[in-house]
Amino acid sequence: MYVTSLPFSRLLGRQVLDASGFALGRLADLAAEVHLTRPRIVGLLLDVDRPRVALIPWSTVRSIDPVVTLEKDRAALQPRPLQPDEIPLREALLDKQVVDIRGLRVVKVNDLFLSSSNGELFLTGVDVGATGLLRRLGAEQPVRWLFGRMGRSLTDHALPWTYVAALGGPVTPLKLSISRERLQAIHPADLAELLEEMDREERVEVMSALSHEDAAEVLEAAEPEVQANIVRSLPADRASDILEEMEADVAADVLGELPQETASELIVRMEPEAGAEVTRLMAYPPNSAGGRMALNFIAIPDTCTAEQTIARLRGLAPDAETIYYLYVTDAAGRLVGVLSLRGLLIADPKTLVAQIMTRDVVGVRADESDEAAVAALMKYDLLAVPVLDADQRLLGIVTVDDLMDLMVERVGGRTPRRLDRIRRVAKE
Amino acid sequence: MRWLRRRWAGLALFLSVAGPGIITASVDNDANGIATYSIAGAHYGYALLWTLPLATIALIVIQEMNARMGAVTGLGLADLIREQFGVRTTAAIMGVLLLANWANTIGDFAGVAGSLEIFHLPRLIGVPIVAVAVGVLVFRGGYRLIERIFLVASALFILYAISAVLAKPQWGTVLRAAVVPSLRLDSGYIVLLIALIGTTIAPWMQFYQQAAVVDKGLTAEDLRLERWDVILGAFVTALVAGSIIIATAATLFPHGIQVQRAEDAARALAPLAGTYASLLFALGLLNAAIFSVAIIPLSSAYAICEAFGWEAGLDRTVAEAPVFYGLFLAVLVTSALVVLWPGLPLVRVMVASQALNGILLPAVLVIMLRLVNDRRLMGRKVNSSGANAVAVATSAILILLTLVLLVKSL
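Those sequence lines, one after another, are chains A and B.
According to this note's numbering, the residues represented by the first sequence are 2 to 429, in order.
According to this note's numbering, the residues represented by the second sequence are 29 to 438, in order.
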């Protein structure tokens, strides 16, 4: 596919002549049909056509070397408007950022590679290296020669089109289904990190390309400032849909970063139940145990048997933060004991949980500081610690994940340098 | 790339509290600025004061335009130029920026040398120590420390305002000089005129402020508040500049003192600080100089990497962002080396760097004007004709002054 690749920048600015040799103008852009693997060039745009609306079909092009020659006379040309599934390459791709989905990087497009096959021209790759920059500056040949003299070669750094998720620029945002599929192949945690490297419009593009569930997962993994920025830039109904899908405690943190007005507007748009949960969490100061707790814990009434508890667990477990601790509550919702998963599994099926649970539970009050919760986790070697109100009612749990986050925050705000760069290598 | 946008945040600590406009304005009063204002007052008295109100208006208009561009597009200036004008224009503008910033860094190193000379520390020792210290602090992640010290210490410049009042200038004369233009055609005057505009509205500020606006996540809805932030920032700059000019014009000009060394300019603080004037001045100048010596090479590296899509950011390792650290070091080290040249006239270098700012500014302004008037980018937030007129007039005046200077030096 790369045998006869032609850099797009070489074509730009070439003179366009009609069949009689009349100069129509210079080549300003090429339009390509959107396609998953091989976008086909459908026509060209002239520099004299400032608003770039009159597409001259590629079928009328006779040759492109050394100038672009058309088969028809200028009177017989039938320019047509750009269709919704066609993109102007220079405007939408050149000098813009794209996601390299294999290398998991955000890169700048320095040039595009076109290849011809069966008399048609296809977009096959993007140049993201220094060669493309030098070519556009007209310095490729001298630098190649210089490198040659030093006994080295100038290597192209090109990505095949199939490894690229394009987002478009501020003027031409691309709402491309192909980008959607490619972005979905990236792990949410990696995508969250890539978001940091994108600008506002690109972030909005990415978040709109994903499903609510995927977008929520990506947003959960993003840095707090990025989270707040994204939620502010998205349309309100989209933002509230995504917030709904997020863990309530993370959603509350994100909303806490926003101006109060914006936050309450978003909460109103959320599903009543999710909105109520978030509002409840936001009432606690961010540095309290209540501000840090998660709501998806497993609570079992003390009247259940071990057998019934296991059945319940099947229903509750998929969403729970941890399944290793089962909290036992009385009829009033007060925490009366805790049961480990191990204790549950080895117990006789007919035993009541009240008989096998540990009654001596370590818990923290919601208004205590989050450090108290973390101290309890560390001192008693727990995976999670329950958060209680003044009446001993179970409100939520603080887990070791929160402990890790807190430690990182205290140490320096961000993940240590070297850890920051660990990214999953994408699957083929 | 855009990940550096967030990292630019490292360049401006008070971002979460103060606005981009006020921060940019504080950084704007660097050692070169102090030197330029001091010379203007000492050599020409109040005769250049009239440029200040005009330059302040231009500053407000241009920085507002810049902030608006950042808020509406969500893109940094370097990125925006690259996306809209392609590689060649970007390379040219980055060349201009690098040249101007290199000159500014040289000027600020001259400020380091000048203030150290007041402490009787020869520049051959002082400048390398500062260069190494700044390099180590930036590489080891101590940049925020410099920034904190600077922003707190930049309040020192208010002392000039007090000193200006204590010098008991004839306020009537000052007021008249501030509104009645007096144009002279000698080269020294014209150079200072260009330098005064160039130090007030510097090319690097455009990249710096727009990045700060984008970093803060401001949108078109925040523009009303942001406008006030820009205006407040411009007034801070004007207050410091005006105070220095008045203080030096009232204390140095009547005695015909020519500012050859930093120490000469220090006497302007004498009405306030008496014998401690030199010490105070040296501390203020050293603080501003060291900070700029860190920030200007850094912001050059950020802007150039942003434009060409190279990895950048102080939280990257050298192996991850070689170009970024390479550019920073190159600007820092070569500037320091230039200042080590024996007998280099420090004060004149500082003023010359600001004149170069003024000469190169039109290139950046023209590009900014094209961007901010592009309806596809800015929608209904394109420039008003008034803003266009002010920006075009500023560029035209600078180009005209440059031409006059060129003709006169032939």
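Beta carbons are placed, not taken as given, at the ideal position from N, Cα and C, and that holds for glycine.
Taking residue i as the query, report the chain B residues whose CB atoms sit under 7 Å from its CB, ordered along the chain.
i         : result
Arg201(A) : Gly102
Val138(A) : One point to set straight first is that residue 138(A) is Leu, not Val, in the sequence displayed. In chain order: Val115, Arg116, Ala119.
Arg51(A)  : Under the 7 Å cutoff, chain B gives no residues; its nearest Cβ is about 11 Å from Arg51(A).
Leu134(A) : Val115, Phe336
Asn230(A) : Gly245
Arg239(A) : In chain order: nothing, as chain B lies at least about 16 Å away.
How would you list, in chain order, the residues of chain A whose beta-carbon sits under 7 Å from the beta-carbon of residue i?
i         : result
Gly337(B) : Val108, Lys109
Gly407(B) : Neighbours of Gly407(B) on chain A: none; closest Cβ ~11 Å, over 7 Å.
Residue range of the beta strand (DSSP E) that residue i falls in?
i         : result
Asp368(A) : Where Asp368(A) is concerned, there is no enclosing beta strand (DSSP E), given that its DSSP letter is neither H nor E.
Glu34(A)  : 24 to 34
Pro302(A) : 300 to 302
Val165(A) : 165 to 167
Asn8(A)   : The residue you asked about is not Asn; residue 8(A) is Pro in the sequence shown. Looking at the DSSP string, the run of the beta strand (DSSP E) that includes Pro8(A) is 6 to 8.
Gly284(B) : Run containing Gly284(B): none; DSSP gives neither H nor E here.
Gly433(A) : The shown model of chain A, from 2 to 429, leaves out residue 433(A), and the question about it has no answer.
Gln16(A)  : 16 to 18
Gly118(A) : Going by the sequence as given, residue 118(A) is Ser instead of Gly. Per DSSP, Ser118(A) belongs to the beta strand (DSSP E) from 112 to 118.
Leu13(A)  : Where Leu13(A) is concerned, there is no enclosing beta strand (DSSP E), given that its DSSP letter is neither H nor E.
Pro1(A)   : An answer regarding residue 1(A) cannot be provided, because it is not within the stretch 2 to 429 covered by chain A.
Leu160(A) : 159 to 161
Locate the alpha helix (DSSP H) running through residue i, then write down its first and last residues.
i         : result
Arg145(A) : 141 to 150
Leu334(A) : Note on identity: in this sequence residue 334(A) is Gly, with Leu being the wrong assignment. Per DSSP, Gly334(A) belongs to no alpha helix (DSSP H) and is neither H nor E.
Gly386(B) : 374 to 400
Ala161(B) : 151 to 167
Glu121(A) : Taken as a continuous stretch (DSSP letters only), Glu121(A) belongs to no alpha helix (DSSP H), being part of the beta strand (DSSP E) at 121 to 128.
Leu426(B) : 413 to 437
Pro299(B) : 298 to 301
Arg110(B) : 105 to 146
Gly443(B) : As displayed, chain B neither begins before 29 nor continues past 438, which places residue 443(B) out of reach and without an answer.
Leu192(A) : 189 to 197
Pro225(A) : 225 to 234
Exposed or buried, which one is residue i when buried takes at least 16 other CB atoms within 10 Å?
i         : result
Arg1(A)   : Here chain A has residues from 2 to 429 only, and residue 1(A) is not among them.
Thr265(B) : buried
Gly14(A)  : exposed
Phe336(B) : buried
Asn288(A) : exposed
Asn119(A) : exposed
Ala312(A) : exposed
Trp36(B)  : A caution first: Trp36(B) carries a pLDDT of 49, below 50, which makes its placement in the model unreliable, though a value can still be read off. By the 10 Å Cβ count, Trp36(B) comes out buried.
Ala305(B) : buried
Phe23(A)  : exposed
Ser423(B) : buried
Glu322(A) : buried
Leu173(B) : exposed
Pro350(A) : exposed
Gln84(A)  : exposed
Taking only beta-carbon positions, decide if residue i is within less than 8 Å of chain E.
i         : result
Gly123(B) : Going by chain labels, chain E is absent from the structure shown, which instead holds the protein chains A and B.
Name the chain A residues that come within less than 8 Å of residue i, Cβ to Cβ?
i       : result
Thr1(B) : Absent from the model: residue 1(B). The displayed extent of chain B is 29 to 438, so no value can be given.
Which bits of chain B does residue i rub up against, with CB to CB less than 9 Å?
i         : result
Asn119(A) : Within chain B, no residue comes near Asn119(A); the closest Cβ sits about 31 Å away, beyond 9 Å.
In chain B, which residues lie less than 8 Å from residue i when you measure between Cβ atoms?
i         : result
Arg233(A) : Gly245, Thr247
I want to check one thing, is the minimum distance from the CB of residue i to the heavy atoms of the ligand ADP below 7 Å?
i         : result
Val107(A) : With respect to the ligand ADP, the structure offers nothing, as it holds no ligand at all.
>> Just to confirm the assignment: which complete alpha helix (DSSP H) runs, minimum length 4, are found wholly within the region 333 to 360 of chain B?
In response: none
(request) Ignoring anything shorter than 3 residues or poking outside the region 29 to 109 of chain A, list the beta strand (DSSP E) runs there in chain order. (result) 42 to 47, 62 to 64, 69 to 71, 87 to 89, 98 to 101, 106 to 109
Enumerated in chain order, which unbroken segments of the alpha helix (DSSP H) with a length of 4 residues or greater are wholly contained in the region 285 to 327 of chain A? 290 to 293, 307 to 317
So, does the region 228 to 239 of chain B touch the region 85 to 100 of chain B, judging by three or more C-beta pairs under 8 Å? yes
**Request:** Flag this pair as touching only if the region 111 to 124 of chain B and the region 127 to 144 of chain A have three or more C-beta atom pairs under 8 Å; answer yes or no.
**Result:** yes
Practice problem: Evaluate contact between the region 253 to 263 of chain B and the region 272 to 290 of chain B, counting only Cβ atoms and requiring at least three cross-stretch pairs below 8 Å. | Solution: no
Those runs of the alpha helix (DSSP H) which lie wholly inside the region 39 to 92 of chain B and span at least 4 residues
48 to 56, 59 to 72
Review point. Is the number of C-beta pairs between the region 212 to 227 of chain A and the region 186 to 204 of chain A that are closer than 8 Å three or more?
Key: yes
- Task: Report yes or no: do three or more beta-carbon pairs, one from the region 335 to 355 of chain A and one from the region 258 to 265 of chain A, lie closer than 8 Å?
- Result: no
Should the region 267 to 279 of chain B be called in touch with the region 70 to 87 of chain B, which here means at least 3 C-beta pairs below 8 Å? yes
Mind the definition here: the region 329 to 343 of chain A touches the region 351 to 368 of chain A only if three or more C-beta pairs lie below 8 Å; say whether that holds.
-> yes
* Asked: So does the region 99 to 112 of chain A actually touch the region 150 to 168 of chain A, counting three or more Cβ pairs closer than 8 Å?
  -> yes
Open item on the list: Pairs of beta-carbons, one from the region 131 to 138 of chain B and one from the region 342 to 351 of chain B, closer than 8 Å: are there three or more?
Closed with: no
At least 3 beta-carbon pairs within less than 8 Å: the region 212 to 230 of chain B vs the region 366 to 383 of chain B: yes
Subject >> the region 114 to 128 of chain A / the region 97 to 105 of chain B touching (three or more Cβ pairs under 8 Å) >> reply: no
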